[in-house]
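Data block below; observations after.
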Amino acid sequence: MKNKPLLMLLGGLTACFCVSAQAEVTANIAASSNYYWRGITQTDDGAAVSGGLDYSNESGFYAGTWVSNIDFGDSASYEMDLYAGYAGEIKGMSFDFGYIHYAYPDASGDIDFGEIYAALGWQYFTFKLSHLATAQSDSSTEEDMLYAEVSASFPIFKDSELTLHIGRSSGDTVLEWTGEDDAYMDYGMSLSTQGFTFGLVKTDLDSSDDIKAYVSYGLDFNL
Numbered sequence: 003m004k005n006k007p008l009l010m011l012l013g014g015l016t017a018c019f020c021v022s023a024q025a026e027v028t029a030n031i032a033a034s035s036n037y038y039w040r041g042i043t044q045t046d047d048g049a050a051v052s053g054g055l056d057y058s059n060e061s062g063f064y065a066g067t068w069v070s071n072i073d074f075g076d077s078a079s080y081e082m083d084l085y086a087g088y089a090g091e092i093k094g095m096s097f098d099f100g101y102i103h104y105a106y107p108d109a110s111g112d113i114d115f116g117e118i119y120a121a122l123g124w125q126y127f128t129f130k131l132s133h134l135a136t137a138q139s140d141s142s143t144e145e146d147m148l149y150a151e152v153s154a155s156f157p158i159f160k161d162s163e164l165t166l167h168i169g170r171s172s173g174d175t176v177l178e179w180t181g182e183d184d185a186y187m188d189y190g191m192s193l194s195t196q197g198f199t200f201g202l203v204k205t206d207l208d209s210s211d212d213i214k215a216y217v218s219y220g221l222d223f224n225l
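Heads up: the sequence shown begins at 3 in my numbering, then just goes up one per residue.
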């Protein structure tokens, strides 16, 4: 669960979104030495195995699901994300908006929550806002959280990409979840090549302010 201090919706597609020559279904699997969400480990600094399915069509609509193991020190053992949105490009500027639901089916309490998000991209840069929209009773009593992030990805060397990231979480829910402050920053840097990603993450939270490294490997498949 995201509220411990310390990547979706394919099954509901209607006939108008049936798979055709203009649609695509892909799958992904990955293994990582750690699973970080906004700079905070979701696996108690342990390894994570994840996988997902994604659907998209030429209209810009997409939907999908993603599952990963987690470790919050309680009964919850896995996270399942469900999301849907619309993405496109206008005059060289990309856009993306949608909704994501974070579910924890085997948790002892009702800790699911969901966010609406919107992103704009131009050349190497992406700016994204995510706002807490729904929260079950054991997840957040405040239901007040905004996450703003800026990322920049640059091709370097041959078939490699360097990504820089900075994000800010704010709101009463952040204080409720971290137990420290109602706002904190997280920073990240990663290098990806041939399915491998080597990354560094850091936050300005007292409980998670060390620079931490991770490595992951992932594969994508067309179905």
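Glycine is no exception: its CB is placed at the ideal position from the N, C-alpha and C atoms.
| Segments of 3+ residues assigned as beta strand (DSSP E) that fall wholly inside the segment 135 to 217 | Counting only runs of 3 or more, we get 148 to 158, 162 to 172, 185 to 195, 198 to 205.
| Applying the criterion that 16 or more other CB atoms from any shown protein chain within 10 Å of the CB defines a buried residue, is Ile-213 buried or exposed? | Counting C-beta atoms within 10 angstroms of its own C-beta, Ile-213 has fewer than 16 neighbours from the protein chains shown and is therefore classed as exposed.
| Considering only residues of the same chain and omitting the five flanking positions on each side of Ser-194, which have a CB-CB separation below 6 Å? | Closer than 6 Å at the Cβ level, and outside the excluded window around Ser-194, lie Glu-163.
| task | With Thr-28 as the anchor, note down where its beta strand (DSSP E) starts and where it stops. | result | Thr-28 -> beta strand (DSSP E) spans 25 to 34.
| query | Buried or exposed: Thr-143, going by 16 or more other Cβ atoms within 10 Å of its Cβ? | reply | Exposed: under 16 other Cβ atoms inside 10 Å.
| Leu-221 by DSSP, collapsed to three states: which one? | The answer is strand: DSSP assigns Leu-221 an E or B state.
| query | Between Ser-96 and Asn-59, what straight-line distance do the alpha-carbon atoms span, to the nearest angstrom? | reply | Going from the Cα of Ser-96 to the Cα of Asn-59 covers about 16 Å.
| task | Count the other C-beta atoms from every protein chain shown that fall within 10 angstroms of the C-beta of Phe-74, then say buried if there are 16 or more, exposed otherwise. | result | So Phe-74 counts as buried.
| task | Give the C-beta separation of Tyr-37 and Thr-28 to the nearest angstrom, bearing in mind that I take them to be a contact with Cβ-Cβ under 8 Å. | result | Contact flag wrong, Cβ pair sits at about 21 Å.
| request: Identify, in the order they occur along the chain, each residue of the same chain with its Cβ nearer than 8 Å to the Cβ of Tyr-1, setting aside the five sequence neighbours on each side. | output: The chain is shown from 3 up to 225; residue 1 falls before or after that span and cannot be answered.
| query | With 16 as the cutoff for other CB atoms within 10 Å, does Asp-228 come out buried or exposed? | reply | With the chain running from 3 to 225 in the structure shown, residue 228 is simply not present.
| Which residue comes first and which comes last in the beta strand (DSSP E) that contains Thr-45? | Here Thr-45 belongs to no beta strand (DSSP E), and DSSP marks it neither H nor E.
| query | Who are the near neighbours of Leu-122 in its chain, counting only those whose CB is closer than 6 Å to its CB and skipping five residues on each side? | reply | Non-local C-beta neighbours of Leu-122 in its own chain, meaning closer than 6 Å and more than five positions away in sequence, comprise Phe-97, Phe-129, ordered along the chain.
| task | Write down the C-beta distance between Ala-65 and Ala-86 rounded to the nearest angstrom, noting that I regard them as a contact closer than 8 Å. | result | That belief holds up - the Cβ atoms of Ala-65 and Ala-86 are roughly 4 Å apart, short of 8 Å.
| request: Inspect the beta-carbon positions of Ala-185 and Ser-171 and report whether they are closer than 8 Å. | output: Yes, the pair counts as a contact, with Cβ atoms nearer than the cut-off.
| query | Which first and last residues belong to the beta strand (DSSP E) in which Ser-52 is found? | reply | Bounds of the beta strand (DSSP E) holding Ser-52 are 50 to 59.
| With a Cβ-Cβ cutoff of 8 Å, do Ile-118 and Tyr-101 count as a contact? | Between Ile-118 and Tyr-101, the C-beta gap is smaller than 8 Å, which places the two residues in contact.
| task | Would you mind working out which of Leu-225, Asn-224, Ser-218 sits nearest Gly-48, comparing C-alpha positions? | result | When only C-alpha atoms are compared, the closest one is Ser-218.
| message | Checking 8 Å against the spacing of the C-beta atoms, do Gly-169 and Glu-145 come in under that value? | response | Against a cut-off of 8 Å, the Cβ pair of Glu-145 and Gly-169 comes out as no contact.
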